[in-house]
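Structure, as structure tokens:
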Amino acid sequence: MSEKSREEEKLSFKEQILRDLEKVKGYDEVLKEDEAVVRTPANEPSAEELMTDSLSTVEEIMRKAPTVPTHPSQGVPASPADEIQRETPGVPSHPSQDVPSSPAEESGSRPGPGPVRPKKLEREYNETPTRVAVSYTTAEKKAEQAGPETPTAATETVDIISDTSRRSRREGAKPVNPKKEKKSHVKAFVISFLVFLALLSAGGYFGYQYVLDSLLPIDANSKKYVTVGIPEGSNVQEIGTTLEKAGLVKHGLIFSFYAKYKNYTDLKAGYYNLQKSMSTEDLLKELQKGGTDEPQEPVLATLTIPEGYTLDQIAQAVGQLQGDFKESLTAEAFLAKVQDETFISQAVAKYPTLLESLPVKDSGARYRLEGYLFPATYSIKESTTIESLIDEMLAAMDKNLSPYYSTIKSKNLTVNELLTIASLVEKEGAKTEDRKLIAGVFYNRLNRDMPLQSNIAILYAQGKLGQNISLAEDVAIDTNIDSPYNVYKNVGLMPGPVDSPSLDAIESSINQTKSDNLYFVADVTEGKVYYANNQEDHDRNVAEHVNSKLN
Numbered sequence: 237m238s239e240k241s242r243e244e245e246k247l248s249f250k251e252q253i254l255r256d257l258e259k260v261k262g263y264d265e266v267l268k269e270d271e272a273v274v275r276t277p278a279n280e281p282s283a284e285e286l287m288t289d290s291l292s293t294v295e296e297i298m299r300k301a302p303t304v305p306t307h308p309s310q311g312v313p314a315s316p317a318d319e320i321q322r323e324t325p326g327v328p329s330h331p332s333q334d335v336p337s338s339p340a341e342e343s344g345s346r347p348g349p350g351p352v353r354p355k356k357l358e359r360e361y362n363e364t365p366t367r368v369a370v371s372y373t374t375a376e377k378k379a380e381q382a383g384p385e386t387p388t389a390a391t392e393t394v395d396i397i398s399d400t401s402r403r404s405r406r407e408g409a410k411p412v413n414p415k416k417e418k419k420s421h422v423k424a425f426v427i428s429f430l431v432f433l434a435l436l437s438a439g440g441y442f443g444y445q446y447v448l449d450s451l452l453p454i455d456a457n458s459k460k461y462v463t464v465g466i467p468e469g470s471n472v473q474e475i476g477t478t479l480e481k482a483g484l485v486k487h488g489l490i491f492s493f494y495a496k497y498k499n500y501t502d503l504k505a506g507y508y509n510l511q512k513s514m515s516t517e518d519l520l521k522e523l524q525k526g527g528t529d530e531p532q533e534p535v536l537a538t539l540t541i542p543e544g545y546t547l548d549q550i551a552q553a554v555g556q557l558q559g560d561f562k563e564s565l566t567a568e569a570f571l572a573k574v575q576d577e578t579f580i581s582q583a584v585a586k587y588p589t590l591l592e593s594l595p596v597k598d599s600g601a602r603y604r605l606e607g608y609l610f611p612a613t614y615s616i617k618e619s620t621t622i623e624s625l626i627d628e629m630l631a632a633m634d635k636n637l638s639p640y641y642s643t644i645k646s647k648n649l650t651v652n653e654l655l656t657i658a659s660l661v662e663k664e665g666a667k668t669e670d671r672k673l674i675a676g677v678f679y680n681r682l683n684r685d686m687p688l689q690s691n692i693a694i695l696y697a698q699g700k701l702g703q704n705i706s707l708a709e710d711v712a713i714d715t716n717i718d719s720p721y722n723v724y725k726n727v728g729l730m731p732g733p734v735d736s737p738s739l740d741a742i743e744s745s746i747n748q749t750k751s752d753n754l755y756f757v758a759d760v761t762e763g764k765v766y767y768a769n770n771q772e773d774h775d776r777n778v779a780e781h782v783n784s785k786l787n
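Numbers given in this note's numbering equal positions in the sequence shown, counted from 1, plus 236.
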């Protein structure tokens with residue numbers, strides 16, 4: 237080969253290397269445009285530095301290049317480009333820019349000398365990132381491989397990380413069946429809807445339970461009272477707020493809704509003593525009663541004394557009271573107090589008109605205050621004591637008799653005599669009409685010095701008054717009993733009343749019906765009373781309306 241041809245091949249070899257380097261640079265530009273990540277180790281030079289070093293190395297190789305050997309397949313010397321292509325099979329080449337294998341092909345397709353800028357690679361998808369190793373082996377390196385005595389030049393290696401777009405998952409995935417996809421969407425919707433319904437149902441259930449719980453008492457075991465003032469003109473919402481602040485309801489709004497739902501519209505103003513043990517329904521009923529103008533002491537219990545109760549029965553009723561009272565309210569304490577002479581003296585001084593004719597100590601009366609305690613319902617407060625309770629009952633009797641004191645005196649009767657007659661009338665008759673007639677019979681017998689002959693007084697003497705007595709027991713009473721209350725043997729009245737008469741019995745005894753009757757007998761089975769003005773008619777009434785029913 238001539239010197240000129242050798243120089244041309246050297247030149248072609250140089251251009252081939254430059255073109256390969258330009259391709260590498262082109263790959264780098266494409267990667268930058270695709271925003272791919274190019275990993276360049278911190279201890280390795282960049283691509284530009286490698287290109288500069290490579291050019292210097294190529295020029296050095298060209299100066300020291302030996303004679304090119306003959307190509308083994310054609311019998312002609314192989315070009316440096318062919319040698320490099322055989323030794324560097326890993327260099328990638330773009331499909332549109334194949335590298336010529338000979339200088340002739342290169343010269344025919346190349347427009348002119350100089351670096352060739354590769355076309356921008358089109359973005360290729362489904363391309364796997366590869367690590368490209370480009371190495372150029374010099375003639376000296378080849379000689380080193382042939383034998384140890386041949387001098388070698390350094391081998392330059394450029395590692396380039398090509399990171400292109402990853403394979404699309406959607407392109408690599410299996411095609412989706414539209415029907416299956418639709419079913420999947422429907423299934424997801426149904427599940428979501430069912431979950432929504434479950435949450436809605438759970439919310440409704442817990443909400444309903446919360447409302448029911450809000451209507452229950454705050455503390456069912458609480459016995460304490462809370463004083464609450466409801467201003468005039470307050471609406472149900474304002475009342476609910478007041479009760480909530482007082483700790484009587486859990487939620488004022490629910491209270492107001494419930495009041496409207498139950499049509500509680502007539503809630504009244506005033507001061508109330510309410511308890512935390514009261515339900516919403518209890519509170520609404522209490523607010524309908526109306527409060528007081530001023531705050532009052534809370535009532536812990538109520539004591540009801542029925543009409544015609546004896547002192548023994550009243551004591552038993554007191555002993556059944558339950559509550560946190562200032563002192564213990566027992567039956568024994570009550571009976572002890574009504575017999576306390578010091579207390580009685582204080583009561584006489586406090587209620588002189590009422591107790592002026594009170595039976596004296598040695599009169600034979602079982603209890604001096606028997607019949608003087610007015611039958612009514614009394615409020616038991618925290619400050620209530622036995623003494624204050626008895627005093628309240630005496631005050632009630634004094635108040636109810638006050639309008640009749642002058643009339644009683646005009647009838648030439650004492651208060652004690654009137655109450656004694658009224659206590660018999662209370663038990664002998666049930667109707668006002670009969671009570672007035674019976675009172676008239678008693679006055680007629682008293683005026684004629686006849687014994688009253690009332691079984692009620694005998695039963696009291698026997699300690700049986702107030703008990704359930706059969707007709708046979710009533711007929712068989714002991715009329716010979718030794719007692720100041722035996723009005724079969726004794727003429728006149730007993731030492732004192734035998735029970736606490738009602739106001740109706742008192743009024744009937746004051747305003748009796750005048751007649752000539754001296755006898756009466758009651759048919760307890762029918763509640764009817766039969767009167768007579770002589771013994772013969774009376775015996776006939778007894779035989780017909782009493783004895784006939786004993787068989």
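Quick reminder that beta carbons are idealized off the backbone N, C-alpha and C, glycines included.
How long is the line joining the alpha carbons of residue i and residue j, rounded to whole angstroms?
i, j, result
"E743", "E606", "19 Å"
"I466", "K481", "12 Å"
"L536", "G559", "6 Å"
"P720", "V584", "24 Å"
"L520", "I550", "33 Å"
"I713", "S564", "38 Å"
"K525", "Q511", "15 Å"
"Q556", "F432", "58 Å"
"A567", "T650", "30 Å"
"A434", "A553", "57 Å"
"E522", "Y507", "11 Å"
"F493", "V485", "13 Å"
"T203", "L729", "Outside the shown range of the chain, which is 237 to 787, sits residue 203, and nothing can be said about it."
"G732", "Q689", "16 Å"
"P531", "Q575", "35 Å"
"E474", "E468", "11 Å"
"G483", "G600", "57 Å"
"L654", "D740", "13 Å"
"L786", "K663", "21 Å"
"N648", "T478", "59 Å"
"F610", "V464", "32 Å"
"E543", "S738", "5 Å"
"A874", "Y608", "This structure cannot speak to residue 874, because the chain is shown only from 237 to 787."
Give every residue of the same chain whose Cβ lies closer than 6 Å to the Cβ of residue i, excluding the five residues on either side of it in the sequence, and list them in chain order.
i, result
"K645", "none"
"Y640", "I746"
"A569", "I622"
So the candidates are the options; which of them puts its Cα closest to the Cα of residue i?
i, options, result
"K586", "A505, A658, N636, L630", "L630"
"L682", "Y724, I694, A712", "Y724"
"T538", "T578, S470, A612, P639", "A612"
"K667", "S593, V760, K573", "V760"
"P588", "T566, H774, K635", "K635"
"V727", "P687, A779, E251", "P687"
"V782", "A708, E468, F610", "A708"
"F491", "G699, K423, L448", "L448"
"D502", "L489, S470, T516", "S470"
"D752", "N704, Y679, K419", "Y679"
Using 10 angstroms around the beta-carbon of residue i, count the other beta-carbons present and answer buried if the total reaches 16, otherwise exposed.
i, result
"F756", "buried"
"L436", "exposed"
"I427", "exposed"
"R684", "exposed"
"V677", "buried"
"V711", "exposed"
"R602", "buried"
"D670", "buried"
"G440", "exposed"
"K672", "buried"
"L571", "buried"
"T528", "exposed"
"E533", "exposed"
"L590", "buried"
"D334", "Summary for D334: the model assigns pLDDT 43, below 50, so the residue's position carries little reliability; its value from the coordinates is reported in the next sentence. Exposed, since its Cβ has fewer than 16 Cβ neighbours within 10 Å."
With hydrogens ignored, establish whether the beta-carbon of residue i is closer than 7 Å to any heavy atom of the ligand FAD.
i, result
"I644", "This structure simply doesn't include the ligand FAD, nor any ligand for that matter."
For residue i, which residues in the same chain have their Cβ closer than 8 Å to its Cβ, ignoring the five residues on either side in sequence?
i, result
"F579", "K573, E623, I626"
"T546", "E606, Y696, L701, G702, V734, D735, S736"
"N457", "S513"
Within a Cβ cutoff of 7 Å, which residues of the same chain sit near residue i, ignoring the five residues on either side of it in sequence?
i, result
"A675", "I657, V661, S744, S745, Q748"
- Cβ contact check for the stretch 497-507 and the stretch 451-459: 3 or more pairs under 8 Å: no
- Given 8 Å, three or more beta-carbon pairs between the stretch 728-748 and the stretch 614-623: no
- Task: Examine the Cβ distances between the stretch 685-696 and the stretch 762-773 and report whether three or more of them are shorter than 8 Å.
- Result: no
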